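Report on the structure given below.
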Amino acid sequence: MYEVDNLIGGISCKSASGRTGDIFNPATGAKVGEVGLSSPMELDEAVKKALGAYSAWSRTPPLKRGRVMAEYLRLANGRREDLAREISREHGKTHADARGEVSRGLEIVEFASGISHFLKGEFSREVGPKIDTHSERQPLGVVAGITPFNFPAMVPMWMFPMAIGCGNCFILKPSERVPSSANLACELLYEAGLPEGVLSVVHGDKAVVDAILDHPDIRAVSFVGSTPIAEYVYKRGTDSGKRVQALGGAKNHMVVMPDADMDQAADALMGSGFGSAGERCMAISVVVPVGEETSKRLVEKLSPRVSSLRIGPSTDDKAEMGPVITKESKSRICGLIERGVSQGANLVVDGRDFRLQGYEDGYFLGGSLFDGVTPEMEIYTQEIFGPVLSVMTPQTFESAMDLINAHEYGNGTSIFTRDGNAAREFSRSIEVGMVGINVPIPVPVAFHSFGGWKRSLFGSHGIYGPEAVHFYTRLKTTTSRWSDGITKGAVFTFPSG
Ligand code: NAD
């Protein structure tokens with residue numbers, strides 16, 4: 006049994022709140038640790054440390070801030086395996102999947118190490134007689150991030166490298182279900198030379214989230230999690246005058262056109278629908294084959310693949326997916342499958358009865374496949390966030406796009422086709438923030454930005470990449486005249502060229 010403590014300004018501190026959260030191994034169902042659930046006072050302590058560090062850090066030359074990130078990248082690269090192990094131990098995803106998560110997170114660190122380039126600003130000479138103007142982006146001050154369970158290290162890395170690289174101080178509130186890898190990721194940044202106070206990790210639940218949202222010295226909040234909480238965080242944070250970006254849930258569709266390679270599409274659906282037990286915000290949860298014939302061919306390919314998924318604990322190198330995160334999550338997913346059946350969908354593969362020998366108390370589920378799903382069914386309207394794939398069959402390409410555009414979420418989507426015109430029209434017209442063409446999980450690379458549309462993102466900035474520079478800085482424009490002391494006397498008209 007282990008305990009996970011806060012990291013206030015770089016110093017490990019046990020929470021004094023007297024409240025703790027249990028950490029479970031999802032593969033066995035056993036309690037393995039506890040995390041302190043911090044009080045608002047403990048958050049305030051982290052904010053005070055950050056305020057103390059801010060002036061010096063924000064004035065540190067960007068090149069030097071970038072060098073801290075470059076050193077962090079070097080150190081974290083050497084600890085990839087440890088980071089991945091911490092992730093899988095608490096989350097349950099396979100070790101290979103956790104390694105992939107670490108790689109994608111470190112790509113953001115690599116991008117942040119070149120932060121100087123993005124903070125260069127703009128300059129215009131002679132905007133008037135002897136007058137020049139320059140624009141620069143200055144950091145905001147103390148900013149915070151609140152992250153979900155499903156990417157315990159990568160989503161924090163979506164935030165803190167860019168925020169800190171831009172010259173801010175950062176407070177991270179990780180998911181209380183998977184707190185350890187965030188601590189390791191942040192400790193390594195101190196090892197890389199980050200000055201004390203610039204980064205803190207404050208563990209906790211709603212009490213500390215509310216304290217972040219209300220704290221007068223926190224200027225901006227990045228949130229990633231479910232849509233109801235994202236909406237709450239956005240409203241409460243903006244009401245208290247903060248800049249907020251809140252990324253929420255998803256229902257990601259993959260259109261399969263009649264001309265697609267069905268084996269390629271089915272393989273892509275297996276990885277994107279069942280990888281990480283479907284607990285990815287970019288997981289494909291609805292497949293939309295166009296026309297009955299395409300649907301029949303695809304379901305024939307999918308059904309045996311779903312039935313033979315290899316499921317196991319993260320320590321099983323051959324496992325394709327692990328357990329879901331909690332007992333409650335497992336029973337919520339089973340409840341939704343039950344409602345899918347009672348609302349008339351055809352359950353082609355039922356994963357509810359899956360049992361893994363030796364891991365009977367783990368939160369394992371087999372893969373499930375539904376056919377004949379219709380738009381009003383709960384398995385379609387709700388984000389299941391589990392290993393369940395639904396098939397919906399519109400008759401035309403246009404009605405497939407209408408279906409996707411009508412959904413409340415707009416995170417990711419994809420089309421599998423050999424038809425360039427259809428792909429081009431899809432990418433142009435679909436009301437979704439991230440689009441894949443023959444790519445099932447189109448998560449943008451670190452030098453682009455990530456963000457959904459509609460109720461998958463509250464706020465006007467995507468996360469990481471160039472959008473992060475805009476989110477974590479504010480624009481200042483200075484106009485200056487150096488005119489050798491020549492004065493023409495007072496001018497009362499509005500200045501113009
Ligand atoms: P969640 O919304 O339950 O929790 C996210 C964070 O909010 C956690 O840190 C948690 O402690 C905090 N929180 C939970 N309940 C709260 C409350 N009532 N008040 C204040 N704070 C609260 O999400 P989760 O279950 O950890 O993660 C899964 C969800 O995250 C899914 O909906 C998934 O789609 C979404 N997600 C979205 C993206 C994206 O980029 N859009 C990425 C990853 C995950």
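Residue numbers (the working numbering): 6 to 502. Using N, Cα and C, we set each Cβ at its ideal position, and we do this for glycine too. Quantities reported herein were computed from a predicted structural model and do not represent experimental measurements.
beta-carbon residue i near the ligand NAD non-hydrogen atom, thresh 6 Å
| i | result |
| --- | --- |
| A255 | yes |
| I13 | no |
| C191 | no |
| V183 | no |
| P318 | no |
| D102 | no |
| V214 | yes |
| D210 | yes |
| P161 | no |
| P153 | yes |
| L252 | yes |
| S245 | no |
| I234 | yes |
| V249 | no |
| G230 | yes |
Rounded straight-line distance, which links the Cα of residue j to that of residue i
| i | j | result |
| --- | --- | --- |
| G253 | P233 | 8 Å |
| E388 | E284 | 10 Å |
| R64 | F421 | 49 Å |
| F537 | A21 | The question about residue 537 has no answer, for the chain in this structure spans 6 to 502. |
| Q250 | D219 | 15 Å |
| E86 | K19 | 26 Å |
| R84 | A405 | 44 Å |
| I338 | E365 | 18 Å |
| P157 | W487 | 53 Å |
| S300 | V396 | 8 Å |
| T152 | P221 | 21 Å |
| E333 | V311 | 23 Å |
| V37 | M6 | 5 Å |
| V437 | L370 | 29 Å |
| D49 | A58 | 14 Å |
| F402 | V295 | 6 Å |
| S205 | G317 | 35 Å |
| L177 | V9 | 14 Å |
| G34 | V329 | 11 Å |
| L314 | R433 | 35 Å |
Collapsed DSSP secondary structure at residue i in the structure displayed
| i | result |
| --- | --- |
| R182 | coil |
| Y414 | strand |
| M406 | helix |
| A265 | coil |
| T386 | helix |
| H258 | strand |
| K459 | strand |
| C171 | coil |
| R479 | strand |
| R285 | coil |
| R84 | coil |
| S347 | helix |
| I446 | coil |
| V203 | coil |
| F279 | helix |
| R90 | helix |
| V148 | strand |
| L177 | strand |
| L218 | helix |
The alpha helix (DSSP H) enclosing residue i, as first and last residue numbers
| i | result |
| --- | --- |
| H100 | 100-117 |
| Y59 | 45-64 |
| G242 | 232-244 |
| S434 | 425-434 |
| I468 | Unbroken run through I468: none, as it is neither H nor E. |
| S17 | Note, S17: premise wrong, no alpha helix (DSSP H); beta strand (DSSP E) at 16-18. |
| S121 | 120-123 |
Residues bridged to residue i (per DSSP)
| i | result |
| --- | --- |
| F375 | L352, S395 |
| N30 | A35 |
| R486 | I136 |
| T25 | G41 |
| P294 | V261 |
| N188 | DSSP output for N188 lists no bridge partner at all. |
| Y7 | G38 |
| I316 | M326 |
| Q250 | S227 |
| G209 | The partner list for G209 (beta bridge, DSSP) is empty, contrary to what the question assumes. |
| E127 | S140 |
Span of the beta strand (DSSP E), counted from its first residue to its last, around residue i
| i | result |
| --- | --- |
| P144 | 136-144 |
| G441 | 439-442 |
| R224 | 223-229 |
| A451 | Premise fails: A451 is in no beta strand (DSSP E) and is neither H nor E. |
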